[in-house]
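Going line by line, the protein sequences match chains A and B.
For the first sequence, the residue numbers in our numbering are 1 to 206.
For the second sequence, the residue numbers in our numbering are 207 to 412.
2 protein chains.
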Amino acid sequence: MSTPSPLIHIVDDDESLRVALLRLLGAAGFEARGYASTGDFLLQPLPDRPGCLLLDVRMPGPSGLDLQAALRRQGNPLPVIFLTGYADVAASVRAMKAGAVDFLTKPVEREALFEALQRALARDATQRAAHMEAERLRAAFAALTPRERAVFDRIVAGQINKQIADALGIAERTVKLQRARLMTKLDVGSVAELGRLAERLRHLTD
Amino acid sequence: MSTPSPLIHIVDDDESLRVALLRLLGAAGFEARGYASTGDFLLQPLPDRPGCLLLDVRMPGPSGLDLQAALRRQGNPLPVIFLTGYADVAASVRAMKAGAVDFLTKPVEREALFEALQRALARDATQRAAHMEAERLRAAFAALTPRERAVFDRIVAGQINKQIADALGIAERTVKLQRARLMTKLDVGSVAELGRLAERLRHLTD
DNA sequence: ACCACTATTTCCCTTTCGTCCAATAGCCTC
DNA sequence: GAGGCTATTGGACGAAAGGGAAATAGTGGT
Numbered sequence: 001m002s003t004p005s006p007l008i009h010i011v012d013d014d015e016s017l018r019v020a021l022l023r024l025l026g027a028a029g030f031e032a033r034g035y036a037s038t039g040d041f042l043l044q045p046l047p048d049r050p051g052c053l054l055l056d057v058r059m060p061g062p063s064g065l066d067l068q069a070a071l072r073r074q075g076n077p078l079p080v081i082f083l084t085g086y087a088d089v090a091a092s093v094r095a096m097k098a099g100a101v102d103f104l105t106k107p108v109e110r111e112a113l114f115e116a117l118q119r120a121l122a123r124d125a126t127q128r129a130a131h132m133e134a135e136r137l138r139a140a141f142a143a144l145t146p147r148e149r150a151v152f153d154r155i156v157a158g159q160i161n162k163q164i165a166d167a168l169g170i171a172e173r174t175v176k177l178q179r180a181r182l183m184t185k186l187d188v189g190s191v192a193e194l195g196r197l198a199e200r201l202r203h204l205t206d
Numbered sequence: 207m208s209t210p211s212p213l214i215h216i217v218d219d220d221e222s223l224r225v226a227l228l229r230l231l232g233a234a235g236f237e238a239r240g241y242a243s244t245g246d247f248l249l250q251p252l253p254d255r256p257g258c259l260l261l262d263v264r265m266p267g268p269s270g271l272d273l274q275a276a277l278r279r280q281g282n283p284l285p286v287i288f289l290t291g292y293a294d295v296a297a298s299v300r301a302m303k304a305g306a307v308d309f310l311t312k313p314v315e316r317e318a319l320f321e322a323l324q325r326a327l328a329r330d331a332t333q334r335a336a337h338m339e340a341e342r343l344r345a346a347f348a349a350l351t352p353r354e355r356a357v358f359d360r361i362v363a364g365q366i367n368k369q370i371a372d373a374l375g376i377a378e379r380t381v382k383l384q385r386a387r388l389m390t391k392l393d394v395g396s397v398a399e400l401g402r403l404a405e406r407l408r409h410l411t412d
């Protein structure tokens, strides 16, 4: 469970600002990368590590809002902090409704930037942890055979072995075997834990 | 499980706008009430029914943002839609970060208003349902005696009756009694359901 | 001190669970 | 067709769960 250090992405067509931000973040101990446009950012493969995105709104080509929308469509939860030189209420509201962490106007105050950065990285950490947990769960259930899955469903529904055997048309002895197998596969030691797993799974799926 | 019809609250010092909104909402079949100021709104006891708040930002006295902050401090989750005549990015961002559903600039377009209204009422309904569910759960657990609660904790931890009896210094038969009692009180029919309840409770408490 | 009441305990019985060993049936690969 | 593999089954045994009946604390009220 090693947690790589965060990587801050900066997308802004103003090179002097990019350089200034890179220097500021670097001095604060952050690793950061700059991109001159939405296209430049999307061309790079996004490494799978913690981080966030400092994003200009108005740029030649696709806007920052376009990039944010694209990331969301891709299911990429990378937290976004907008930086803009234009006071545009409609854009700020749209950005925030789309889940932006913050929407800062240039010139950006150092403190405001770091405060937003901290919240963005905290959100990212939370999201990544939840996502990994969800993936572990999904993988564990994907490893079950259809029969085991059926037995699982009936166990958590409160049915006893005899009822399950009856419903599935198999011997009670077999139910016991599959029951033991799925408990091993899901790495649980009691029916109560099984119920908790079921609840967490339901919470993921809805 | 009757769901009362929603009630829309309008807080704005501009009486003509209030009247217009009341008429507009009334024509759309909504029940709505107007308030000339933050103070007027807070003076009225807030009925416990679905609804949302259409809130002006700038008013004589406490601002709309102040009211929003006060509601949040009180733990009141009433969804807020801001209406403002001033283009103020900082205010809009602050409002959205504080959880506002939308931040609309006057003159408000009819469609934008109803779209926001719909999302606000949907959010309110979701929140209210989750809150009621949480309260039911809390009430059920509050009805358990300390002993029953202790037994519950150990059951969901996967301990068997003998271990529980040993740990609590009581007879195994007594554990079985309390176990049966708490299952009745929590209205569950299996240990798996017990585990699911435990997971939901943990989810509430964190 | 006495009674009502609840919590706890002891004894006993039935059902269900968890697991052992051995065996059978179906299916894929070589 | 000979393995080799998985799913399934049967019988059996000890442990655990669920519950009935009656005895035994302990408590608080009178």
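Heads up, the beta-carbon is just placed ideally off N, CA and C, and yes, glycines get one too.
Keep in mind it's a predicted model, so treat the numbers as computed, not measured.
Using a Cβ-Cβ cut-off of 9 Å, Met96 (chain A) is close to Ser298, Val299, Ala301, Met302, Lys303, Ala306, Phe309 of chain B, given in chain order. Taking a contact to require three or more Cβ pairs closer than 8 Å, the segment 313 to 325 of chain B and the segment 337 to 345 of chain B do not qualify as touching. Those residues of the segment 48 to 71 of chain A placed with their C-beta closer than 8 Å to a C-beta in chain B do not exist. Look at Val357 (chain B): its C-beta is not under 8 Å from any C-beta on chain A.
Within the segment 155 to 173 of chain A, Ile155, Val156, Gly158 place their CB atoms closer than 7 Å to a CB of chain B, listed in sequence order.
For Arg196 (chain A), the C-beta contacts it makes with chain B under 7 Å involve Gly401, Arg402, Ala404, Glu405, in order along the chain.
Judged by DSSP in its simplified three-state form, Ile160 (chain A) adopts coil rather than helix or strand.
Chain-order list of chain A residues neighbouring Asp412 (chain B): empty, with the shortest C-beta distance near 12 Å, by a criterion of under 7 Å. Under the three-state reduction of DSSP output, Glu237 (chain B) falls in the strand class. Look at Asp246 (chain B) here: in three-state DSSP terms it is helix. Thr38 (chain A) is positioned such that its CB atom lies closer than 8 Å to that of Gly61 (chain A). At least 8 Å separates the beta-carbon of Ser63 (chain A) from that of Val299 (chain B).
Relative to the Cα of Glu378 (chain B), the nearest Cα in the group B:Ser211, B:Ile361, B:Arg316, B:Val217 belongs to B:Ile361. Assignment of Gly51 (chain A) by DSSP, reduced to helix, strand and coil, places it in the strand class.
DSSP lists B:Asp262, B:Leu310 as the beta-bridge partner residues of Leu289 (chain B).
For Val381 (chain B), the uninterrupted alpha helix (DSSP H) segment begins and ends at 378 to 391. The beta carbon of Ala293 (chain B) sits closer than 8 Å to some beta carbon of chain A.
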